[in-house]
Amino acid sequence: MQKSIREAAGRSDDHCSLHGEKRLFFCEPEDQEPLCVVCQTSKKHRNHPVCPVEEAALDLKEELKSALNHIEEKLKRFTEVEQECKKTAEHIKSQAQHTERHIKAEFEKLHQFLREEEEARLAALREKMSRRVRS
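Using the working numbering, read the sequence shown as starting at 829 and increasing by one per residue.
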């Protein structure tokens, strides 16, 4: 099909390799190829719908533009979704870091409480032992 498009747009040899005639027509749905007058009336293409090669080139150009627009819209949406995903990932990372700091702070409080509790219990034990020794 790419070859047909280039040929239809006049970017390659515009004469039929079989008949030497200028390719003025385009066999649309079946063969998607440019045709000369002789090819157009041959058995191979006789009942096929044809149009002028310039018209086919314009039609194909419009199809390509439409396909390109569709692809560009998808690319834009994918880019937006990618940015949303990155933003969400950064938010999750930030929340995880915040939660980690909070957990560490709470455990530090708990460790401090346990150290103080240990010191208080040991002090009470020493006091009790000291009283027993004196009695």
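Built from N, CA and C at the ideal position, the CB exists for glycine as well. Every value quoted in this text rests on a predicted model; they were computed, and no experiment measured them.
Provide the residue(s) that pair with F853 in DSSP beta bridges, ordered along the chain. L863 and P880
Distance check for C844 and F854, CA to CA, integer angstroms please. 12 angstroms
In whole angstroms, give me the CA-to-CA distance for K937 and A924. 20 angstroms
Per DSSP, H919 is paired with what? None; H919 has no bridge partner.
Flag this pair as touching only if the segment 864-874 and the segment 891-901 have three or more C-beta atom pairs under 8 angstroms; answer yes or no. no
Per DSSP, which one or two residues make a beta bridge with H843? K850
Put H873 into one of helix, strand or coil per three-state DSSP. coil
Please report the distance separating the alpha-carbon of H965 from that of A917. Residue coverage of the chain in this structure runs from 829 to 963, which leaves residue 965 outside it and unanswerable.
If you reduce the DSSP assignment to three classes, tell me which class S963 lands in. coil
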